[in-house]
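Respectively, the protein sequence lines represent chains A and B.
At position 97 of the first sequence the residue is numbered 97 (full-length UniProt numbering), and the sequence of numbers has no breaks.
At position 21 of the second sequence the residue is numbered 21 (full-length UniProt numbering), and the sequence of numbers has no breaks.
See structure below.
Protein chains: 2
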Amino acid sequence: MNSAVHVDDVTWTDPTCPVARTLDLVGDRWSLLIIRDAMDNARSFTDFQQRTGVARNILTDRLRRLVDHGILKRETAISGRRQVYVLTDAGRDLFTVIVALRQWGERHAFADDEAHSALVDEGGNPLARLRPTDAHGHQVDVDSTEVIRNS
Amino acid sequence: MNSAVHVDDVTWTDPTCPVARTLDLVGDRWSLLIIRDAMDNARSFTDFQQRTGVARNILTDRLRRLVDHGILKRETAISGRRQVYVLTDAGRDLFTVIVALRQWGERHAFADDEAHSALVDEGGNPLARLRPTDAHGHQVDVDSTEVIRNS
DNA sequence: CCCGATGAGTTGCATATTGAAACCATTCTG
DNA sequence: CAGAATGGTTTCAATATGCAACTCATCGGG
Numbered sequence: 001m002n003s004a005v006h007v008d009d010v011t012w013t014d015p016t017c018p019v020a021r022t023l024d025l026v027g028d029r030w031s032l033l034i035i036r037d038a039m040d041n042a043r044s045f046t047d048f049q050q051r052t053g054v055a056r057n058i059l060t061d062r063l064r065r066l067v068d069h070g071i072l073k074r075e076t077a078i079s080g081r082r083q084v085y086v087l088t089d090a091g092r093d094l095f096t097v098i099v100a101l102r103q104w105g106e107r108h109a110f111a112d113d114e115a116h117s118a119l120v121d122e123g124g125n126p127l128a129r130l131r132p133t134d135a136h137g138h139q140v141d142v143d144s145t146e147v148i149r150n151s
Numbered sequence: 001m002n003s004a005v006h007v008d009d010v011t012w013t014d015p016t017c018p019v020a021r022t023l024d025l026v027g028d029r030w031s032l033l034i035i036r037d038a039m040d041n042a043r044s045f046t047d048f049q050q051r052t053g054v055a056r057n058i059l060t061d062r063l064r065r066l067v068d069h070g071i072l073k074r075e076t077a078i079s080g081r082r083q084v085y086v087l088t089d090a091g092r093d094l095f096t097v098i099v100a101l102r103q104w105g106e107r108h109a110f111a112d113d114e115a116h117s118a119l120v121d122e123g124g125n126p127l128a129r130l131r132p133t134d135a136h137g138h139q140v141d142v143d144s145t146e147v148i149r150n151s
């Protein structure tokens, strides 16, 4: 299960914590929105620019970083200068993170009567709520878990 | 299921997208690390400062924002000037997000032989891998789902 | 009661990151 | 071939961040 992510030349905020490392790679204002859009069929520079509204120079930088970190790969269309950015396996694996952020937002960042976009399966139904569980499938939460350092 | 989050006075990057709203609330360089530490028994200003290493003025600002958004609550300890920051229910509910970030980091941001901290249940065993599923418990991913706007 | 230490910030200033707008070189499109 | 679109880069102003020093309590000893 090792990564396509190239993690040389990164200076980690907290080298032993996986949460911190993930945030060092994608935890800025725009990267996760770019990834969200990549998961929703955005491919070109302009797709991302229009959907996120990010400044173009910043977008250039973020796309480059995400490519460098192995989350996106850049492909030049056969003839011509059209660039396409596609999620790598590591990038696609961020789906769980995006779903978790989305579900939290649905629960806590909208008033009851406010409309919002929804993520649905092939039958058009919403996904089940993500819930952390132990190895036996029993739900766990903050109080029933703990962090062990440097295992 | 409505929020303790106070979402007035926030100007959303993308008002209809729950992912974007969540990121507007916690998607900066430090907030999620503060929340991670709050889940790991950090309580005081100095706890957070020492664990994250964030600049003190920034920490002041982030704690205030998180309190304003209903993710932390601030309590003054009975005797003395000691301040304590505790997760609200909405804050505790970010556990899923933190676990998702952690598990992704474990899979993609560490070399195979690198040590990292681990999150374990009461028996000391690692949690099960979080996986998005549909309403019937079948796994779904980027390709088998889609976003419906403004539902 | 006085002294130093600690907790919880604030303030000022230097540096880094972002954003808005303009500019540029190809490459399609009609 | 002219005009738009694509995928950027450049410039400069506005923000945000980091660092160090400074406050202003209170706490704990002696």
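Note that the Cβ used here is the ideal one computed from N, Cα and C, for glycine as well.
Contacts of residue 47(B) in chain A (Cβ-Cβ under 7 Å)
What residue 47(B) touches in chain A: nothing, since even the nearest Cβ is about 14 Å away.
Taking 7 Å as the line, does the beta carbon of residue 11(A) fall inside it for any heavy atom of the ligand MN?
No copy of the ligand MN appears in this structure; indeed no ligand is present at all.
With residue 99(A) and residue 102(B) assumed to form a contact (beta carbons below 8 Å), what rounded beta-carbon distance in angstroms separates them?
That pair is no contact at about 15 Å.
Could you spell out where the alpha helix (DSSP H) holding residue 52(B) opens and where it closes?
45-52
In chain order, what residues of the same chain lie with their CB nearer than 8 Å to the CB of residue 145(A), ignoring the 5 residues before and after it?
132
Span of the alpha helix (DSSP H) around residue 121(A):
Premise fails: residue 121(A) lies in the beta strand (DSSP E), 118-121, not in any alpha helix (DSSP H).
Can you pull the chain B neighbours of residue 144(A), defined as C-beta to C-beta under 8 Å?
Chain B residues near residue 144(A): 121, 122.
Taking 8 Å as the CB-CB limit, is residue 77(B) close to chain A?
no
Contained alpha helix (DSSP H) runs [length at least 4] in the UniProt domain "HTH hxlR-type" (17-113) of chain A, N- to C-terminal order
18-26, 31-39, 45-52, 56-68, 89-92, 95-108
Can you name the start and end residues of the beta strand (DSSP E) that residue 145(A) belongs to?
145-148
Taking the Cβ atom as the reference point for each residue, do residue 44(B) and residue 84(B) lie within a distance shorter than 8 Å?
Between residue 44(B) and residue 84(B), the C-beta gap is smaller than 8 Å, which places the two residues in contact.
Please report the straight-line C-alpha distance between residue 5(A) and residue 88(A), rounded to a whole angstrom.
Looking at the two C-alpha atoms, the distance is approximately 9 Å.
Quick check on the burial criterion: 16 or more other C-beta atoms within 10 angstroms. Buried or exposed for residue 53(A)?
exposed
Give the straight-line distance between the Cα atoms of residue 113(A) and residue 71(B), rounded to the nearest whole angstrom.
Going from the Cα of residue 113(A) to the Cα of residue 71(B) covers about 21 Å.
Taking only beta-carbon positions, decide if residue 34(B) is within less than 8 Å of chain A.
no
Can you tell me whether residue 135(A) is buried or exposed? The criterion is at least 16 other CB atoms within 10 Å of its CB, across all chains shown.
exposed
Anyone know if the C-beta pair for residue 142(A) and residue 121(B) falls short of 8 Å?
no
Closer than 9 Å by beta-carbon distance: list the chain A residues that pair up with residue 61(B), in chain order.
Those within 9 Å of residue 61(B) in chain A number zero; the least Cβ separation is about 16 Å.
Strand pairing of residue 126(B), partner residues [DSSP]
120(B)
Spatially closest choice to residue 97(A) from 14(A), 16(A), 33(A), by CA coordinates:
33(A)
Could you check the C-alpha separation between residue 56(A) and residue 36(B) for me, to the nearest Å?
The alpha-carbon atoms of residue 56(A) and residue 36(B) are separated by roughly 32 Å.
Using a Cβ-Cβ distance under 8 Å, would residue 117(A) count as near chain B?
Judged by the 8 Å Cβ criterion, residue 117(A) is in contact with chain B.
Give the residues of chain B in contact with residue 127(A), contact being defined as C-beta atoms less than 9 Å apart.
132, 133, 134, 135, 140, 145
To the nearest angstrom, how far is it from the Cα of residue 64(B) to the Cα of residue 148(B)?
34 Å
Counting contacts by CB-CB distance shorter than 8 Å, is residue 5(B) in contact with chain A?
yes
With a threshold of 8 Å between beta-carbons, can residue 150(A) be considered close to chain B, or not?
yes
Using the beta-carbon of each residue, which ones in chain B are nearer than 9 Å to residue 28(A)?
The answer, in chain order, is 27, 28, 29.
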